[in-house]
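The next block holds one structure in the form of C-alpha cells; read it before the comments.
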Amino acid sequence: MSKNNKKRRRRQDHGTEVTSDISCTRAAKKRKKGGRVGVLELDKQPHPAEFTHLVLSQYFPCLKTLREHLLSSLPSTSRIRRRKIAAVGDRVDDKDGAANKTLEAALAHLLDSTIVAASEERAALSDGRWEQWANFSQRGDESYVTLSDGVTKALFCQSEIVSFVIWSLFEREKKCGGWPRHLLCDGFSRGPASRANGYIGLAAADAVPGIFVTQPNPRVKALKSSPWPELLSMLGQAGEKMMIDLLLDHSIFVKVPTGNENYYQLTEPITATKPRDPSKVHGGQKSAVEIVFVRSRMLYSRAALNARGAVHFGLRHIHVLNRYPAVSDTEKVRKGGDGEPGDVARQEEMRGNTIHCMMYLFPRQFGLHNAFTSVVDHTQTSQRFQDYTLREEEIQQKYKGLSPGHVSIPKRLRGAPFHLVEKMQILHRRCSYSALLKHYCPVSPTDDIVASLRDGATRDQHALILDLATPAAHVSAYCQAVLSRLVPDKFWGDGQTRVANKQVFLKHVHHFVKLRRFETMNLHELSQGLKINQIEWLAPPELACQKASQSDRRKRVEIFQEFLYYLFDSILIPLIRSNFYVTESNTNRSQLFFFRHDVWRQVAEPFMAVLKASMYEEINTGEAQRILASRDLNFSQVRLLPKGSSMRPITNLRRRTLAQGSKKTLGASINTILGPAHTMLKYEKTKDPSRLGSAIFSVGDIYSRLKAFKERVGTSSRRFYFAKVDVKAAFDTIPQSAVLQLISDIPTHGQYNLIKHVEVERATGDPCAPGKLAKRWRSYARGIGDHVTFMDVLATQIARNKNNAVYFESVFQKVHSTIDLMNLITSHIRQNLVRIGKKFYRQKNGIPQGSILSSLLCNYFYADLERKKLSFLQSDDCLLLRLIDDFLLITLDVSKAKQFVQVMHAGVPEYGVTVNPSKSLVNFDLACQEVKVPKPGPGRSIGFPYCGTLISCSSLDVSKDRRDLAAPRALTVDFSRHQGSNFQRKVLNAFKIQSHLMFFDSTHNSRRTVMANLFGALAETARKMWAYARAMPLGRRPRTHVVLQTVATLIDVAYALLASRSRRDRFPGYQCGISKKLVKWLSLHAFRRVLAKRQAGYGQVLSWLDTEIRKLNVKGKLPACNV
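Be aware that the sequence shown starts at 482, since it is given in my numbering, and climbs by one per residue.
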C-alpha cells in the first residue's frame, strides 16, 4: 500500500471508530492501488452509506457528508471533477507550498466533516431559479463554462451566489406576505434603508437588491469565506447551479471541533422542520398515549378553610359539582310541589345545572377547549395540559345570551348520559367526604401530634415528621371509596361488565396514588382492561342492540375517554389536593408523602412562625404593591420540606406567576428575569476564574484539582492531613451589603451583548420518551469590544462536554448596561418579597435561596473570605476545595490544617460564617474550644468522605461513597409502552451516571482502586436493575432473555465508556488500564453477587452467569464492595 493510501486509511480508521458515545460514522470509499480512484471504478461504486445521528436523523431521512453529496450530484459526464473531489486530502506532495497544503487540508476537512441533509418534501424545485440567477448576476447562461479566472473569480461568484440565495428566499416568501424562516436571512430586512440600524454600509457590499442588513450574519460571512469559494472552483461545469441548489434545498451542518458529534447549523433552522414520526397520523388530535395526567397539580396545595377557620374536606367550593349542584328536597318544598309553577322552575334549574356539569365532563362534544384536540395556551399555564377547574368565561363566550338549560345537548349525550350525570350530582350531595376521610385515614388527636413534636428529642429524630404522614394505601382506599360512591354504577355498564370495569378502574386509581414523584400515567394505561363495547349508555338508542360499526366504535371510545380523563383530572387529583398536603422529603426526593391538611397545619405552623421571625420582616400590602409595580421582578412563595425532625424552607423562583395587572396571563419567572445578570456573571467567571478562589461547581471538578495536586506534591512517603468544615445556613447568613459591594467590582465592561442560541439534543431526562428531543434557548454574554465569535464560544465552552447536540445562534443581540444589571441584582437581594398566606414579607438576612444567582454570589463572596482570612493556605503544599459552602483542605502541614479548622470554628462575623461543629471532620487528633473534632467513622476507613466521594488519605485515590445506598427509593419506573427497551435503557443509564473518569483514571488511581470502583459501580447497577424489575407489575417484568441481553449489552457499553478513544481524546492524560476481559469478569461477578441473594425468578440468569465466568477462566480476588 502506498504512503498516500496509508495516510488516507488512518484518517478513515479514526473517523469510523465505534464507541458507545459515537453515533455518526462514514463508510470508507473503495480505492485503487496507488491511492487513486479509477474513472470506471468510481462510476461502479455502491451507494455510499448514509450518516446516522441521534438528533438529525429524527428530522431528516437522508444525511450525507458534503463530499458524498457532491459526488452524487455531479453529472455522470464530469468524471474528472468527480475524481478531483474524491481525491481531495489524499495527495501529500512535498513540492506543494505550505499555503496549498493548508488549503487542501481545510477543503478535506470541510468535505468530510460537513453534513448535508434533505427532508422528504424538499425535492429539487423547478421554480425557474436558474433564469432568476442569470438575471440576478446580469450574465448569460454560463452553466457549462468553467471558472477560468480561478479562485479570484470563484470568490466573487460565491459571494454573489449567497446574495442571490438570500434574495431568492425573500422572493419566495413575498407571495405569502411572510418573513423567510431561514438562518441565512437572519439580520436582513426588506424595506427602506432606514431600518438598517447602523449596518446600512454592509448592504452595498452584500449586493442584495431591495434587501438591507440590520445585523451582521456570521453564517453568510462563513459561506462567502474560504474554503467555500475554492470548493466552488473545483465543481467546474454547473458548479453555480449545484451551489445554489445546495443552499436553497438542503440543510448544512458543520462539525464542532469539541465534544462528541456536535454540529453547528449553517442553513435553514432545524426548528422549521418537524421531527419525523410515522406513528403520528392523526393530525392535530392527540392519542391516548400522549395525554398524560398532570400529577404535579396535587403537590404542595393549601388547605381550604371554612368560616370558623377549620380545614374543609372534600372537593373545594369552586368545583363544578359544588357550584352547580342537584336541587335539594328543601328547595323543592320552598319553590312549590309537583305540578306547581315552582316545580317547573326547579326542574329548569336542575336541567341547567346538569347540562353545565356535562360541559365539564364532555367538553369535546360541546366544542369547548379539551385535552384531545385543543392547543394548550402556554401564556396561561406552564403545565403540559390546561387546568379545567374553571371554564365559565369560555362557556359564556360560546353560548352568549343562553342559559345552560337552553343549550342544545349533543345527540350522543341525550337520554341515559344526561340522567347519569344528574345522578352523579345527587350522589355528590349525599357523599360524606369528612366521614370517609376519618374512617380510611384516621389520625391521633391534635394534642398528641403537638406533644410528639415537643417530645421529639427522645424519639427517632430522622423519621419523626414523616411518621405523621398518612400511608399511600390509606389514601388510595379513601379515593376509591369516594369514587365508588360518587360515580353511578351504570357508567361502567351492566351485570358482570359493570363489576369488571369498576374493579379495573379502582385498580388504576390505586396505581395512580402509589406512583412515585416523577412517574407518570397516561390515558392509554387508564383505558387498558375496560370493556367499552358492552357499556349501554355509549351506544345510540336506535343502535343499542346492534353490533357497532367502526365509526361508532371510535365515537364510543372518544366519549368514554373524555369521561375517564375527567374522573382523574378533575375529580381524583382535586380530591387528593383538597384533603392532603403532598410533598417529598429532604432525604427522599422520589417518594411522595401524604399529610392530612389538618395534620400538616399543626406541624408546619410552628416552623413557619420561627421562619418569619428569623429571616423575614412583614411589610404592608401597599408598600409591597408599590415595590412590585416599580420593577419586573415578582414575589415568590415559600414551602416547607420535611427534614428529619425539622423543616427546610424551599423557595421556587423558577415558577411563573401572574403578570402584574392580569388575572390569567402568566409572566416570566424571577429566574428568567434574572437571566441577563446571571449570564453576565458567567461571562466574568469564564474570563477570570481566579476570582472564585477554590470554588468547584460540581463533584466532578474535584478530579482535575486533585490530580494536579497529586502530580505537584507526589504521594511517596507523604502523609496528608484532611479537614472538612460546613458553613451553617450559608445563603441565609451572607450580609447583603457586603455581597452587593463585592459584586459591584465584578463587571469589567460598561455594557454587555447578550446573544441567544438554540441547543437541540436528546431529552434523556424524560422517562416516558427515550427518543424525544429537547430544544432549549440558551444565552451567552460578550463584553462590548469583545469580538469572540459564537463558534469560538461553542468550541471552548458550550459544547466541550456535549454529545450529539445541534446548535445555531440568533444574530439579534440585546445590549444591557452594567448599571441596569447591578440595579436588578440589588433589587433582587434587598427587596426579595415572598408571600405567605395573604401577607407579604421581605427577606432581611442573606441572599434568596432558589435564585439562579445564589451559587455564583456565594462563590464570589467566600472567595473573598479565602483571600483575606485564609491566605496562609496559598502554598503548593495545600489544596483547598469548596463546593458552595462545604470546605475541604488537604495539606502536608498539620499546623495549617489545625489553623484552618480553628479559624473557621471561631466564626467570621463580617462574612456571616458560622460553622456547624457536628459536620466538621478531620483525620488527625484535634480539639477546638475544648470540643474534640470528629474523625471519619469505621464504615469509611478506606477514605475521607467529601460530597459523595471517598478520598484516600495516603494515595489520594478517589472512590464513591457507597455506605448509604437507597436504590429502591430513588427509582422512577416507566409503566408505559416499550418496557423491554426502557428497562435496558434504565440499566445502562444507571451505570453511565457512575462512569465519571475520576473513578477510573489509572494515572491517578491505583489499579486496585480502579477495579474496586468498577466492581462497585457494576454491583450498584445490578442492585438497581433488580429493584427496577421488582417495582414493575408481575405480568410485565422483564423475561430471562431480556435480562441476559441487558447484561451483555452493559458489558460492551461499560468497556466502551471507560476505555474509548473519544474519552481519551476529550480528556488528555486519561487512561483506564483495564482490559475488556477483566471488565466482563467483574461484571459477571457483580451481577452474580447481587442476584445470588435474591434468587427468585433469576435461576436461569445465575446459571448463565456461572457458565460465562467459567469460560473466562480468570483467577483473582474480587474487590470488597457493599451491595
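Ideal placement from N, C-alpha and C gives every residue a C-beta, glycine not left out.
Pair within 7 Å by beta-carbon distance, residue i and residue j
i	j	result
leucine 535	arginine 1243	yes
arginine 1363	serine 1175	yes
valine 646	leucine 728	yes
serine 1059	alanine 785	yes
threonine 1299	leucine 1235	no
arginine 1259	glutamate 1290	no
alanine 1567	alanine 1503	yes
leucine 552	arginine 562	no
leucine 1407	lysine 1379	yes
alanine 1471	lysine 1505	yes
alanine 953	lysine 995	yes
leucine 1134	serine 1332	yes
lysine 1561	isoleucine 1590	no
arginine 474	leucine 664	There is simply no residue 474 to check, as the chain begins at 482 and stops at 1604 in what is shown.
Which listed residue (the options) has its alpha carbon closest to that of residue i
i	options	result
arginine 671	Arg662, Leu665, Pro690 and Leu664	Pro690
proline 1021	Met1089, Leu894 and Thr1146	Leu894
lysine 705	Glu641, Ser714 and Lys722	Glu641
threonine 860	Asp868, Ile1215 and Ser618	Asp868
serine 1111	Lys1253, Leu918, Pro1087 and Gln1141	Gln1141
phenylalanine 1481	Lys1467, Ala1471 and Ala1498	Ala1498
threonine 835	Leu552, Val801 and Arg1542	Val801
isoleucine 899	Arg1257, Pro1329, Val701 and Gly833	Per the sequence shown, the amino acid found at residue 899 is phenylalanine instead of isoleucine. Residue Gly833 is the option with its Cα nearest to phenylalanine 899.
isoleucine 1317	Met840, Ala1090 and Ser1198	Ala1090
phenylalanine 651	Gln639, Cys638, Asp667 and Phe637	Asp667
serine 1356	Phe1342, Asn1340 and Leu1373	Leu1373
serine 884	Ile907, Ala897 and Met840	Met840
valine 1048	Thr1102, Phe986, Asn1014 and Arg1077	Position check: residue 1048 holds leucine in this sequence, whereas valine was assumed. The residue with the shortest Cα to Cα distance from leucine 1048 is Phe986.
Close Cβ partners of residue i (< 6 Å) along its chain, the five nearest in sequence each way excluded
i	result
lysine 1283	Gly740 and Asn743
serine 543	Inspection of the sequence shows that residue 543 is occupied by cysteine rather than by serine. Excluding positions up to five away in sequence, the list reads Ala599.
lysine 1598	none
tryptophan 709	Gln639
Status (buried if at least 16 other CB within 10 Å, exposed otherwise) for residue i
i	result
arginine 507	Because the pLDDT at arginine 507 is just 36, under 50, the model does not fix this residue reliably, and the value given afterwards should be weighed accordingly. Arginine 507 should be labelled buried.
glutamate 471	Nothing about residue 471 can be reported from this structure: the residues present for the chain run from 482 to 1604 only.
proline 844	buried
valine 814	Summary for valine 814: the model assigns pLDDT 46, below 50, so the residue's position carries little reliability, and this model does not support an answer.
lysine 1592	exposed
aspartate 827	Checking the sequence shown, residue 827 turns out to be arginine, not aspartate. That one is buried.
phenylalanine 1212	buried
phenylalanine 1178	exposed
serine 649	buried
alanine 1540	buried
Straight-line Cα distance separating residue j from residue i
i	j	result
serine 1127	alanine 1451	22 Å
tyrosine 1579	leucine 1559	24 Å
lysine 1205	tyrosine 1427	8 Å
serine 644	phenylalanine 1271	22 Å
proline 1265	valine 1274	At residue 1265 the sequence reads isoleucine, which differs from the proline that was named. Distance between the alpha carbons of isoleucine 1265 and valine 1274: 16 Å.
cysteine 1409	serine 1399	12 Å
phenylalanine 1116	glutamate 549	57 Å
arginine 1129	asparagine 1067	8 Å
serine 863	arginine 1257	15 Å
arginine 1443	phenylalanine 1496	12 Å
threonine 1138	lysine 1325	23 Å
Residues near residue i in its chain [Cβ-Cβ closer than 7 Å; skip 5 each side]
i	result
serine 1008	Ala769, Gln1042 and Leu1045
serine 1487	Ser1436 and Asp1438
glycine 1461	Pro1519 and Val1523
tryptophan 660	Glu654
Cut-off 8 Å between Cβ atoms - residues of its own chain near residue i, not counting five sequence neighbours on either side
i	result
glutamate 1065	Arg998, Ser1071, Gln1072, Leu1073, Phe1074 and Leu1122
leucine 1346	Val1389, Tyr1392 and Val1394
glycine 1156	Ser1260 and Ile1333
Any non-hydrogen atom of the ligand SAM closer than 6 Å to residue i Cβ
i	result
asparagine 1313	Looking for the ligand SAM in the displayed structure turns up nothing, as the structure carries no ligands at all.
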